[in-house]
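Encoded as structure tokens, the structure appears first; notes follow it.
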Amino acid sequence: MAESAKWYVLHTYSGYENAVAASIMKAAENRRMQDLIHEVNIPLETVTEHTDNGVKTVERKVYPGYVLVKMILTDESWHLVRNVRGVTGFVGSAGKAIPLTEQEIYDMGVERHEIVVGFGVGDRVKVVDGPLEGFFGLVDELEAEKDRVRVVVSMFGRETPVDLELDQVEAVKDS
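Mind the numbering: the sequence shown is residues 38 to 212 in the numbering used here, read in order.
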């Protein structure tokens, strides 16, 4: 089967998200369908609450009533997931499951890809893409998780900070 797994959104009864996630994984294991149903995710955020008793940190569901499932959509996997107690259906149009786009997955923070950067703050880099292609500068700020780097380049005799994406610069090897 050449099809790759995609992320789908399930609508569930509110408060049943954890039970649904556990049931899906258990059912996939029992029916030996781990090759079709890869992962179940309930996006959580850490929130600091200020109460009468002081400050406490809690994890809260980002999308109450929804569960994300990474799966290869076939009739068998659709029926397995759809028939789990607490699932009201897939999110999509006309009852048809529609996968999340790469951008939606990234924006929701469902999958984190490890970013390896070959340079750090203070290193000399060359701009390899965009309107400043060919310019050299020093890394002033680096936010790998946001795919952002601030480089100070010299333009018209002045030092100018420029915000770029990580793939627009490369480290310069001092020889």
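Every residue gets a Cβ at the ideal spot worked out from N, C-alpha and C, and that includes glycine.
Tell me whether residue i is buried or exposed, calling it buried when 16 or more other Cβ atoms sit within 10 Å of its Cβ.
i      : result
Glu54  : buried
Val162 : buried
Tyr45  : buried
Thr49  : buried
Val99  : exposed
Val154 : exposed
Of the residues the options, which one's Cα is nearest the Cα of residue i?
i      : options                           : result
Thr83  : Leu175, Val95 and Glu66           : Val95
Arg68  : Ser191, Ser41, Val106 and Glu113  : Glu113
Gly188 : Glu40, Leu175 and Arg122          : The identity of residue 188 in the sequence shown is Val, whereas the question assumes Gly. Ranking the options by Cα distance to Val188, first place goes to Leu175.
Glu178 : Arg195, Leu169, Gly167 and Phe156 : Phe156
Tyr103 : Ala58, Glu86, Asp144 and His116   : Ala58
Gly167 : His87, Asp89, Gln205 and Leu81    : Gln205
Arg97  : Asn90, Glu86 and Leu105           : Glu86
Met145 : Leu105, Ser41 and Ser191          : Leu105
Measure the Cβ-Cβ separation of residue i and residue j and say whether it is below 9 Å.
i      : j      : result
Lys43  : Lys93  : no
Glu207 : Asp184 : no
Val209 : Asp200 : no
Ile79  : Val121 : no
Phe127 : Leu47  : yes
Ala134 : Leu110 : yes
Gly123 : Ala65  : no
Val158 : Val190 : no
Identify the residues that DSSP records as bridge partners of residue i: which are they?
i      : result
Pro198 : Val189
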